[in-house]
Amino acid sequence: MPISNVENINNQWDDQRMKNNDIFKLIIILTGYVVISSCASHHAGASVDGKAREGDRPNVSSIAWSANDAIPDIIAVRLQPLIDKDEFKDGYSEFSCWEHVTSWPFREATFATDKEGIDAGRNWLTKHFGPIQSDATLDVKEIDGASTELIEHSIRIKFSQYYRGIETDLETEVLILGTTQYRVDCRLCSFAPIVGTEKIPITPSNALEIANRAFAGLGEYSDVKSSPDYPKLMFLNVSRGPGLPDHAGYVLELVWVIDPKMLFLVNAHSGTPYYTHD
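Take a look at the structure:
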């Protein structure tokens, strides 16, 4: 999904290139930190009842940041498969795996409740990638389960990762056929703050003012409706500039997301507006 800086994308691209070069110098130290943290911590996913619904929010711990805190940008480092490594296809930003899928369509009965399927999905991820770090959560964003049956005899769960109470754009999707066959697109990561980038974010009202000025001439922006959930603070990889080495990680910037489709963004530190488009 290409990104256009409404004001001056060329300068932003150059700034991001310099930023990534500096961050690459830190990646060895940070990678060591996040790997140790990931391996030593316990799984901290929010509990989900049998009626899990799209948009479920995390159970935020006492270490969660608020919009009044000085919040840094972060580095997200992909978790590597711990077992069955040959089963995974390593894509640009995710690991994909078809495990034990032998026929289609599949006729084995699926789980009796959504909760059973969600628990099975979490257990599969923990078995193959280990527990996520204690200051992160893995929360249900969408589910097509026993009540909806996107595909007959299956359940599909889309998880979102949160770091210290703030959602990231790193999503992992688990499709379970019956109860034994898995199709997984995994973007699980461990996280570490980028020291020196801490700053109290601009207010949501300021972000809306910036967005109104920057995007007023765009027809799509006129369709944006006010929502109590937006602007929403998130960690996103919005620069799409020169990346870090494969398997090293991604720089996630703190942004205000203006609309549910995530077309209009405002950097929560600098106030820079971004317009995302296909």
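Numbering (the working numbering), first residue to last: 1 to 278. All C-beta atoms in this analysis are idealised placements derived from N, C-alpha and C, irrespective of residue type, glycine included. These figures come from a predicted structure and were not determined experimentally.
Check: Mind checking Thr137: buried by the 16 CB within 10 Å criterion, or exposed?; Outcome: buried
Check: Going by beta carbon distance, what residues of the same chain come within less than 6 Å of Ala207, once the five residues before and after it are set aside?; Outcome: Pro231, Trp256 and Val266
Check: Could you spell out where the alpha helix (DSSP H) holding Pro273 opens and where it closes?; Outcome: Segment Pro273 to Thr276 is the beta strand (DSSP E) holding Pro273; no alpha helix (DSSP H) there.
Check: When you compare the CB positions of Ala76 and Leu254, do they come within less than 7 Å of one another, or not?; Outcome: no
Check: Grab me the residues of Lys141's own chain with a C-beta within less than 6 Å of its C-beta, minus the 5 sequence neighbours each way, in chain order.; Outcome: Lys158 and Ser160
Check: Please confirm if the segment 219-227 is in contact with the segment 178-187, defined as three or more CB-CB distances below 8 Å between the two stretches.; Outcome: no
Check: With three or more beta-carbon pairs closer than 8 Å as the criterion, would you say the segment 67-82 touches the segment 208-216?; Outcome: no
Check: Considering Cα atoms alone, identify which of Gly121, His277 and Asp259 is closest to Val184.; Outcome: Gly121
Check: Tell me the rounded alpha-carbon separation between Lys25 and Asp144.; Outcome: With a pLDDT of 43 at Lys25, under the threshold of 50, the predicted position of this residue should be treated as unreliable, though the coordinate-derived value follows. Spanning the two alpha carbons is a distance of roughly 42 Å.
Check: Helix or strand or just coil, what does DSSP make of His226?; Outcome: First, the amino acid is wrong: residue 226 is Ser here, not His. Note: Ser226 maps to coil in three-state DSSP.
Check: What's the C-alpha gap between Pro131 and Ser222?; Outcome: 43 Å
Check: Look at the Cβ atom of Arg164, then the Cβ atom of Ile63, and state whether they are nearer than 7 Å.; Outcome: yes
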